[in-house]
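*Asks:*
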Amino acid sequence: MGARAYGSCSMTSPKQKPLVLTMGDPAGIGPEITVGAWKALRKTGPAFAWIGDPACLPPGTPYEDVVTLTEASSVFPKALPVLPLSLPAPVHPGEPDVLNAGPVVDSILRAVGLTRAEDAGAVVTNPISKAVLRSAGFPHPGHTEFLAELCEVPGEEVMMLASPMLRVVPVTVHVSLREALDTLTTDLIVKVARTTAHALKRDFGITNPRLAIAGLNPHAGEEGHMGREEIDIIIPAIEQLRAKGLNIQGPMPPDTMFTDAARATYDVALCMYHDQALIPIKTLDMENGVNTTLGLPIVRTSPDHGTAFDIAGKGLAKPESLIAALRLAGKLAAYRAANPEPPEMRFT
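Residue numbers for the sequence shown follow numbering that gives the first Met the number 0, so the first one is 0 and each next one is one higher.
(1) If you pair each beta-carbon of the segment 248–267 with each one of the segment 291–298, do three or more pairs fall below 8 Å?
(2) I'd like the span of the beta strand (DSSP E) that includes SER162, first residue to last.
(3) Would you say ARG41 and PHE75 are within 8 Å of each other, going by their C-beta atoms?
(4) Where does ALA189 fall in DSSP's three states?
(5) According to the neighbour-count rule (16 or more other Cβ atoms, all chains shown, within 10 Å of its Cβ), is LYS313 buried or exposed?
(6) Going by the beta-carbon positions, is the gap between SER128 and GLY27 smaller than 8 Å?
(7) Going by the CB atoms, is the gap between LEU269 and VAL170 shorter than 8 Å?
(8) Give me the DSSP bridge partner(s) of ILE247.
(9) What residue range does the alpha helix (DSSP H) around GLU319 cover?
(10) Exposed or buried, LYS330, counting other C-beta atoms within 10 Å across all chains shown (16 or more means buried)?
(11) Kindly give me the distance between the Cβ atoms of ALA219 and PRO250, rounded to whole angstroms, as I take these residues to be in contact under 8 Å.
(12) With a 10 Å radius around its C-beta and 16 neighbouring C-beta atoms as the bar for buried, classify LEU321 as buried or exposed.
(13) Consult DSSP for ILE350 and reduce its assignment to one of helix, strand or coil.
(14) Going by Cα to Cα distance, which pick from ASP284, ILE234, GLY51 and GLY154 is closest to LEU108?
(15) Taking C-beta to C-beta, are PRO17 and PHE47 nearer than 8 Å?
(16) Would you list the one or two residues that DSSP bridges to ARG166?
(17) Consult DSSP for THR347 and reduce its assignment to one of helix, strand or coil.
(18) What number of angstroms, rounded off, separates the C-alpha of ALA100 from the C-alpha of VAL19?
(19) Rounding to the nearest angstrom, what Cα-Cα distance links SER106 and GLU286 in this structure?
(20) So, with DSSP's three-state summary, where would you put ILE205?
(21) Please state if the CB of LEU210 and the CB of THR195 are separated by a distance shorter than 8 Å.
(22) What are the boundary residues of the beta strand (DSSP E) that includes ASP266?
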């Protein structure tokens, strides 16, 4: 399982750009886990700057306002670098306020702008409340789709959840199970698989990525006796992908493909719908899971959990997933910087 490990990141070198971390919903656990991550990483890195309102940080947090990300690396060992962003309404942990939705979105906009301008090495996003943002008129299902639009590659985004134990990609994402079944197509599987294979080469340095394709039905359809989606949709996609030279296995029965022995045979599992992918990784390694957006011109990661309003401000939030997201973002950004993408690696 060594290929799955994130590896370690040393303190950001003078040549490595600091990361930028968004505010997330300020009434959630984002401010707490941000400080926890800074405490865990301030001596080792990767260095990051947080975009947000210092007023919502836990009392006593050592922080320092910075104007540019260049200042962040020198500030990071002694204080949390903050690119300040004011909130219009006071923050009460566990009580989200739609009045603060605008700055939450603004922090994402600023983070993406800094990273696309190459001032930051990568974007790491704190959890947002989709319900709060939608109440304010936010039109996107979540971070992933919004980031793709900001990066001018709408429709190219792919969500991967990664931990040292498992990587998974849901082919259909933030839709109901009924809609997932209705929208699953051979072309969609092929598109997601190719983007995933490219990203594993491009950012993870896996020269011949091994992709496992999950079946949709029990026992992967049992040769059509438990559903024809494998025969009509999934197997044609596998055949196309193999014809393009990708290392593919499947369709694999979903109830057995996540055992220790099975996971050792692939680098990523492509699943047909959201929970088929997220249940196994969250069960195996919830604290170290990282959400990574593939198909973007920038590196973006986030912790594999939500705002946790129910425990916000109670000192119960654990920063491990955010720490893992920052470490992975630093590793991927460093790999990209050291390995410019040759044109022949790009899929057409």
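Heads up, the beta-carbon is just placed ideally off N, CA and C, and yes, glycines get one too.
*Replies:* Reading off the structure:
(1) no
(2) 157–162
(3) Cβ distance < 8 Å, so ARG41 and PHE75 count as in contact.
(4) The question names Ala, but residue 189 in the sequence shown is Val. DSSP places VAL189 in helix when its eight states are reduced to three.
(5) Its Cβ having fewer than 16 others within 10 Å, LYS313 is exposed.
(6) In contact: SER128 and GLY27 (Cβ atoms closer than 8 Å).
(7) yes
(8) Answer is LEU210, bridged to ILE247.
(9) 319–337
(10) buried
(11) 4 Å
(12) With 16 or more other Cβ atoms within 10 Å, it is buried.
(13) Residue coverage of the chain in this structure runs from 0 to 347, which leaves residue 350 outside it and unanswerable.
(14) GLY51
(15) yes
(16) ALA161, per the DSSP bridge assignment.
(17) Confidence is the limiting factor: at THR347 the pLDDT is only 37, short of 50, which leaves the residue's position unreliable, though a coordinate-based value still follows. Three-state DSSP puts THR347 in coil, outside helix and strand.
(18) A direct Cα-to-Cα measurement between ALA100 and VAL19 gives close to 19 Å.
(19) 25 Å
(20) coil
(21) yes
(22) Segment: none, ASP266 is in no beta strand (DSSP E) and carries neither H nor E.
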